[in-house]
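Asks: Its first residue numbered 5, the sequence shown is counted upward by one per residue in this note's numbering. Have a look at this one.
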Amino acid sequence: MHMSKAKKLLKWSLIAVTVSLILLAGFGWWFMGLLPPSNPSAENIKAVLPSSLVYLNEKPSPTRGKILAVVTSTDSIGSSGKRTGYELTELAQGYSVFVANGFEVDIASPKGGEPPLVLDEEDMGVYDYAFLNDPIAQSKLKETILMDQVRIEDYEAIYLVGGKGAMFDFPDHPSMQLSIRALHERGKVIGAVCHGPAALVNVKLADGTPFLKDRKVCSFTNKEELFLIQDARELFPFLLQDKLAESGASFSEGPMYLENVVIDGTLVTGQNPWSTWTTAEAMVRQLGFEPKKREKSAAENTVSILNAYEKDGYAKAKLLIEGMNQGEKQEIDRNLMAMHALVAAMQWEISRGVELIGLLRYAASFVEKSQ
């Protein structure tokens, strides 16, 4: 009798597992159908030259001064053996904005010479490849200026580029601290994105007051860090959000992996790589100039939709998708939208994940109508 019940239980358990797998496979097939097919012509952007991009070539004249971009020299995350360096997209996009708006850009690093690079082709766009194909930019990268040899009085602003390596060699670098203080004392602009604000945590003013005391800032958040690297507390000297707060700053946390830029006088900080364009353009404004108009990328449009969802809800995000599909249609990065839906599911935010999939389906429906 007991054996009979056990067999029935096993039978129904196997049926339940089989049905679940079929449903899961069906959902996976449907979900993948919402994503765009691979585009063979996307390979063409890898050869793009700066001279072919109008945004980079219609520059104001005369030159408006110089901006110093600073990248990390650290190539590994502590003793973990995990490779790191500066984030190419954060340098390339900031560099593009500054050059397009009439500034000359120099690149420095704590050790000088060629710095270690983090390159993720999935995040690369036309301006990132144009930067890689720019002989002037690449010559500056091959021989970055040693930070100890920088004449900071030559610059109107400093731009502290992210990358996890910055957590190790930015915070305690004496020349970097003195440069930031000198720029602040001259009323110049200080910008930082993602992990770049690590350079600010130990800066002191002439009277010993922490530079960050009562300043509004943002950076890569604890949630963003720990989602990607669960043992980040052990691998890094600190979590950047915590350290900025400990240094006296008022931290402004935006949604995970979405644009968030905080402006406090001449201090401009961006939360993550998706905040790079806006951080650089905000720096141009703080330098007294209105940034040139620029056609936004599909990723930027998608981030705008996701930010609208986070701040104003599902209906507002749908309206934004509709607006982007009227008149001169604006591209939407459905892969990025799908990634955010999966992140929500991985965090067991089921209703949020379902709504994001709904937005993905809505965005895909406009493509279906046009075919």
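Even glycine gets a Cβ: it sits at the ideal position worked out from N, Cα and C.
For the beta strand (DSSP E) that leucine 72 lies in, which residues bound it at each end?
Replies: Per DSSP, leucine 72 belongs to the beta strand (DSSP E) from 70-74.
Asks: By alpha-carbon positions, which one of Leu92, Leu136, Lys146, Phe102 ends up nearest to aspartate 124?
Replies: Nearest of Leu92, Leu136, Lys146, Phe102 to aspartate 124, Cα basis: Leu92.
Asks: Does the separation of the CB atoms of methionine 151 and methionine 171 fall below 8 angstroms?
Replies: Cβ atoms of methionine 151 and methionine 171: not closer than 8 angstroms.
Asks: Taking the straight line between their C-alpha atoms, what separation do you get for lysine 11 and glutamate 359?
Replies: Because lysine 11 sits at a pLDDT of 47, beneath the cut-off of 50, its placement in the model cannot be relied upon, and the following sentence gives the value as read from the coordinates. Approximately 41 angstroms, taken between the alpha carbons.
Asks: On a Cα-Cα basis, can you pick out the residue from Met287, Gly331, His344 that is closest to glutamate 314?
Replies: That would be His344, whose Cα lies nearest to the Cα of glutamate 314.
Asks: By Cβ distance, which residues of its chain are closer than 6 angstroms to glycine 169, with the 5 residues on each side in sequence left out?
Replies: Cβ within range, chain order: Thr76, Thr78, Thr88, Gly89.
Asks: For tyrosine 133 and leucine 57, I'd like the C-alpha separation in whole angstroms.
Replies: Cα to Cα, the separation comes out at about 11 angstroms.
Asks: With DSSP run on the structure shown, which of helix, strand or coil describes serine 223?
Replies: Coil at serine 223, not helix or strand.
Asks: Mark isoleucine 354 as exposed unless 16 or more other C-beta atoms lie within 10 angstroms of its C-beta, in which case mark it buried.
Replies: Classification for isoleucine 354: exposed.
Asks: Going by Cα to Cα distance, which pick from Val101, Asp246, Phe215, Ser251 is closest to glutamate 229?
Replies: Taking only the C-alpha atoms, the option nearest glutamate 229 is Asp246.
Asks: For the alpha helix (DSSP H) holding alanine 319, just list the boundary residues, first then last.
Replies: From DSSP, the alpha helix (DSSP H) with alanine 319 extends over 318-328.
Asks: Who are the near neighbours of serine 369 in its chain, counting only those whose CB is closer than 6 angstroms to its CB and skipping five residues on each side?
Replies: Here the set comprises nothing.
Asks: From glutamine 351 to glutamate 62, what distance separates their C-alpha atoms?
Replies: Going by the C-alpha atoms only, they are around 45 angstroms apart.
Asks: Quick check: what's the CA-CA separation for glycine 195 versus aspartate 337?
Replies: Cα-Cα distance, rounded: 27 angstroms.
Asks: Any idea if threonine 282 is buried or exposed, counting beta-carbon neighbours within 10 angstroms, 16 or more meaning buried?
Replies: Buried is the call here.
Asks: Hey, valine 154 and alanine 112: beta-carbon distance below 8 angstroms or not?
Replies: Yes, the Cβ-Cβ distance between valine 154 and alanine 112 is below 8 angstroms.
Asks: Which residues mark the beginning and the end of the alpha helix (DSSP H) in which glycine 98 is found?
Replies: That run of the alpha helix (DSSP H) goes 92-104.
Asks: Return helix, strand or coil for valine 358, following the three-state DSSP convention.
Replies: Reduced to three states, the DSSP call for valine 358 is helix.
Asks: With distances taken between CB atoms, is the gap from serine 308 to leucine 323 smaller than 8 angstroms?
Replies: Cβ distance not < 8 angstroms, so serine 308 and leucine 323 don't count as in contact.
Asks: Using a Cβ-Cβ cut-off of 6 angstroms (strictly less than) and excluding sequence neighbours within five positions of proline 40, which residues of its own chain qualify?
Replies: So the qualifying residues of the chain are Arg338.
Asks: Taking contact to mean 3 or more Cβ pairs, one atom from each stretch, closer than 8 angstroms, check whether the segment 99-106 and the segment 283-298 are in contact.
Replies: Short answer: they touch.
Asks: Assess contact between the segment 193-212 and the segment 267-275, defined as three or more Cβ pairs (one per stretch) separated by less than 8 angstroms. Is contact present?
Replies: With a cut-off of 8 angstroms, the segment 267-275 and the segment 193-212 count as touching, because enough Cβ pairs lie within range.
Asks: Should proline 119 go down as buried or exposed, given a rule of 16 or more other Cβ atoms within 10 Å for buried?
Replies: Flag for proline 119 reads buried.
Asks: Rounding to the nearest angstrom, what Cα-Cα distance links glycine 98 and threonine 280 in this structure?
Replies: Roughly 6 angstroms separates the two Cα atoms.
Asks: Assuming contact is defined by CB atoms lying nearer than 8 angstroms, are asparagine 305 and methionine 341 in contact in what I supplied?
Replies: For asparagine 305 and methionine 341, no; Cβs fall outside 8 angstroms.
Asks: Tell me the DSSP secondary structure of proline 44 in three-state form.
Replies: Caution applies to proline 44, whose pLDDT of 49 falls short of 50 and renders its modelled position unreliable; the model cannot decide the point.
Asks: Under a three-way DSSP split, which group does proline 178 fall into?
Replies: Residue state, collapsed to three classes: helix.
Asks: If we call anything under 8 angstroms between Cβ atoms a contact, is serine 256 one with leucine 216?
Replies: Their beta carbons are not under 8 angstroms apart, which means serine 256 does not touch leucine 216 by this criterion.
Asks: Once the 5 residues before and after arginine 185 are set aside, which same chain residues still bring their CB inside 8 angstroms of it?
Replies: Only Val207, Lys208, Leu209, Ala210, Phe215 meet the Cβ criterion.
Asks: With distances taken from CA atoms, which of Val74, Ser183, Glu126, Pro241 is nearest isoleucine 49?
Replies: The shortest Cα separation from isoleucine 49 among Val74, Ser183, Glu126, Pro241 belongs to Glu126.
Asks: Please tell me whether leucine 248 and valine 221 are closer than 8 angstroms, where the distance is taken between their beta carbons.
Replies: Yes.
Asks: Taking proline 277 as the reference, give the member of Gly69, Ala348, Val122 with the closest Cα.
Replies: Of Gly69, Ala348, Val122, the residue nearest in Cα terms is Val122.
Asks: Candidates Glu326, Leu95, Ala51, Leu363: which alpha carbon is nearest histidine 199's?
Replies: Nearest option by C-alpha distance: Leu95.
Asks: Apart from the five residues just before and just after alanine 349, which ones in its own chain have a Cβ nearer than 8 angstroms to its Cβ?
Replies: Within the same chain, alanine 349 has close Cβ partners Gly357.
Asks: Do you know how far the Cα of glutamate 335 is from the Cα of glycine 69?
Replies: Roughly 34 angstroms between the two C-alpha positions.
Asks: Check this for me: beta carbons of alanine 312 and alanine 321, under 8 angstroms apart or not?
Replies: Result yes, Cβ atoms of alanine 312 and alanine 321 sit closer than 8 angstroms.
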